[in-house]
Structure formats: structure tokens, C-alpha cells
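Below is one structure, written out as C-alpha cells; the observations come after it.
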Amino acid sequence: MQQIQWDDFLKVELRVGKIIQAEAFKQARKPAYILHVDFGDEIGVKKSSAQITEFYQAEKLIGQLVVAVVNFPKKQIASIQSECLITGFHDQNGHVVLCVPDFEVPLGTKLL
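The sequence shown begins at 1 in the UniProt record's numbering and counts up one residue at a time.
Structure below.
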């Protein structure tokens, strides 16, 4: 494992957001959703592609809190520009489980 300096970690903007829209990403090579995530007034709504279809249904994701990196440059993924990276963990079969807060916190709160 490569070690980083504390200042490197501080550069990563890991923020909590709430999924406000989720839809099938039909143009994606692997099954995925297009997520619209509200990070509060300071950051606003950002779009992301997420390969989380194994454990999550689009309509049940609405209102779900997630943790995302919000300060990456935009990345073109098929027909959309992903504006943030939703975090998660791979299970033993390689399927993604979302990284989520246990309790409500204000949208846009930074992980420290």
C-alpha cells in the first residue's frame, strides 16, 4: 500500500449528497445508472455514472445519502459527463456496495 501525506488527503473533497434522480444508463458498456446527486447549496447537483445495478433499484435510490469525491475533473462516460465519483466497496463477487453515512448529516458535509 502506498502511503500519502496528510496534505494529499486534505485535497480530496469527499462530500455527502442525496440522490434525487436515478435512471438506467442505456449507453453504458456495463450495467449502470445515471445518478443526479444534490450536495447542497454550496456545490449543487452533480451527475455521475454508477455501476451499482446488482444490489440497487433506480427508484429505491431516490433519497439515499452517498459519499462522493466532488473535486475530480469531469469525465466523459459514453453519453454523459460524470461530475463526481460515488464511493463504494466491491463485495466478494465484484459487485459494488455504496459507502453511506449511518445517519442524516447536512448535504455537502465534508468527510474528515
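Ideal placement from N, C-alpha and C gives every residue a C-beta, glycine not left out.
Inter-residue CB distance, residue i and residue j (contact presumed, cutoff 8 Å)
i: Val69; j: Phe39; result: Not confirmed; about 11 Å, so no contact.
Option in the options with minimal Cα separation from residue i
i: Lys110; options: Gln2, Lys74, Pro31, Val67; result: Val67
i: Ile43; options: Val16, Lys60, Ala32; result: Val16
i: residue 114; options: Val37, Ile80, Lys46; result: The chain is shown from 1 up to 112; residue 114 falls before or after that span and cannot be answered.
i: Val37; options: Ile77, Thr53, Cys84; result: Cys84
i: Phe72; options: Ile86, Ile20, Cys99; result: Ile86
i: Leu61; options: Glu13, Gly108, Leu14, Ile19; result: Ile19
i: Ile77; options: Pro31, Asp102, His95; result: Pro31
i: Gly88; options: Met1, Cys99, Gln2; result: Cys99
Nonlocal neighbours in the same chain, by C-beta distance under 6 Å from residue i, ignoring five residues either side
i: Lys75; result: Ser82
Residue i to residue j span [Cα, whole Å]
i: Ala24; j: Tyr33; result: 5 Å
i: Leu35; j: Leu65; result: 12 Å
Residues of its chain near residue i, where Cβ-Cβ distance is below 8 Å and the 5 sequence neighbours each way are ignored
i: Lys11; result: Asn71
Could you say if the region 47-54 and the region 5-15 meet the contact criterion of at least three C-beta pairs nearer than 8 Å? They do not touch, by the three-pair rule.
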